[in-house]
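Peer 1: Got a structure for you, written out below as structure tokens; questions coming shortly.
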Amino acid sequence: MWLILLEALGALLLLVLIVWWTMFSGRKKGELPNKETTDKDQKS
């Protein structure tokens, strides 16, 4: 029984890691740029 719970916890942690990695990899500080900031950058 404990082995099944441990395996399920490992699978859940793996899922969370994959979701976090795909959401935040390659972005500065993990956030999308603001529309106002991008508009000001393009006008300059």
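For what it's worth, the working numbering labels the leading residue of the sequence shown as -15, then goes sequentially. Think of the CB as a built atom: it goes at the ideal place given N, C-alpha and C, for glycine as much as any other residue.
Kindly indicate the opening and closing residues of the alpha helix (DSSP H) around G(-6).
Peer 2: Start at 1 with the first residue of the sequence shown, and residue -6 comes out as number 10. That run of the alpha helix (DSSP H) goes -14 to 8.
Peer 1: Would you report the Cα separation of I(-12) and K19, rounded to the nearest angstrom?
Peer 2: For the purposes of this step, residue -12 is taken as the residue at position 4 of the sequence shown. For the purposes of this step, residue 19 is taken as the residue at position 35 of the sequence shown. One C-alpha to the other measures close to 47 Å.
Peer 1: Taking only the alpha-carbon atoms, compute the straight-line gap between L(-3) and T6 and give it to the nearest angstrom.
Peer 2: In the sequence shown, counting from the first residue as 1, residue -3 sits at position 13. In the sequence shown, counting from the first residue as 1, residue 6 sits at position 22. So the two alpha carbons sit approximately 14 Å from each other.
Peer 1: Rounded to the nearest angstrom, what separates F8 and I2 at their Cα positions?
Peer 2: Stepping through the sequence shown from its first residue, residue 8 is reached at position 24. Stepping through the sequence shown from its first residue, residue 2 is reached at position 18. Their backbone Cα atoms lie some 10 Å apart in a straight line.
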